[in-house]
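Novice: Dropping a structure here in structure tokens format, bear with me for questions.
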Amino acid sequence: MRGELPGGHCKSLFLKDKKAGLWLVVALEERRVDLKRLADALGAPRFSFGNADLLYEVLGVRPGSVTPFALINDRDHRVRVVLDKGMLAHDPLNYHPLENDRTTALAPADLLRFIDSCGHTPCLVDLDAAEPGPGSA
Numbered sequence: 007m008r009g010e011l012p013g014g015h016c017k018s019l020f021l022k023d024k025k026a027g028l029w030l031v032v033a034l035e036e037r038r039v040d041l042k043r044l045a046d047a048l049g050a051p052r053f054s055f056g057n058a059d060l061l062y063e064v065l066g067v068r069p070g071s072v073t074p075f076a077l078i079n080d081r082d083h084r085v086r087v088v089l090d091k092g093m094l095a096h097d098p099l100n101y102h103p104l105e106n107d108r109t110t111a112l113a114p115a116d117l118l119r120f121i122d123s124c125g126h127t128p129c130l131v132d133l134d135a136a137e138p139g140p141g142s143a
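First residue of the sequence shown? That's 7 in the numbering used here, and the numbers climb one at a time after it.
Put into structure tokens, the structure is as follows:
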């Protein structure tokens, strides 16, 4: 459906940890994310996926439309942002613009600037370093 769009195509995972902390993990779409290893690397309690109601309440989007652009709706800064370091090597980066029926491309530096302008400081994680295993998304 996306045709020949150049650049890194990305996915965003809305996660909730065991202590009700909220996380947005943004990575290349083909990257397998081992949730247990990621939680360990971040020093976070065990992760699970946040439900649709919580996603809409906090980020204002529905499942399938999760995107770093939704951080603009997180005015209370409830979500911690995690970016795949390997993703940032691609230019441009492609994300849904709050709806999953289209794609918006931007440079990695512009993504970082946008996240900062929303009042968030992303944690950069090398997802290449973690081997996928059970619980991978």
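The beta-carbon is built from N, C-alpha and C at its ideal position, and this holds for glycine as well.
Find the nearest neighbour of Ile121 within the set Ile78, Asp97, Leu133, Ala113, judged by alpha-carbon distance.
Specialist: If we check each option's Cα against that of Ile121, Ile78 comes out closest.
Novice: Kindly indicate the opening and closing residues of the beta strand (DSSP E) around Ser123.
Specialist: That residue, Ser123, is in no beta strand (DSSP E); its alpha helix (DSSP H) goes 114-123.
Novice: Do the CB positions of Val87 and Leu30 come within less than 7 Å of each other?
Specialist: Contact flag set, yes.
Novice: Any idea if Met7 is buried or exposed, counting beta-carbon neighbours within 10 angstroms, 16 or more meaning buried?
Specialist: Residue placement at Met7 is flagged as unreliable, the pLDDT there being 49, under the threshold of 50; a coordinate-derived value is accordingly withheld.
Novice: Please tell me whether Asp23 and Ala50 are closer than 7 Å, where the distance is taken between their beta carbons.
Specialist: Cβ atoms of Asp23 and Ala50: closer than 7 Å.
Novice: Report the residue ranges of all alpha helix (DSSP H) runs contained in full by the segment 26-74; include only those spanning at least 4 residues, in chain order.
Specialist: Listed in chain order, the complete alpha helix (DSSP H) runs (minimum 4 residues) inside the segment 26-74 are 41-48, 58-65.
Novice: Buried or exposed: which applies to Leu11, given that a residue is buried once 16 or more other Cβ atoms fall within 10 Å of its Cβ?
Specialist: Answer is exposed; the Cβ neighbour count stays below 16.
Novice: According to the neighbour-count rule (16 or more other Cβ atoms, all chains shown, within 10 Å of its Cβ), is Pro74 buried or exposed?
Specialist: So Pro74 ends up on the buried side.
Novice: Provide the residue span of the beta strand (DSSP E) that contains His15, from first to last.
Specialist: Where His15 is concerned, the enclosing beta strand (DSSP E) stretches over 14-23.
Novice: In the DSSP assignment, find the unbroken beta strand (DSSP E) run with Asn100 in it and report its ends.
Specialist: That run of the beta strand (DSSP E) goes 99-101.
Novice: Suppose you measure from the CA of Gly70 to the CA of Lys91; what does that come to, to the nearest Å?
Specialist: Gly70 and Lys91: Cα-Cα distance of roughly 23 Å.
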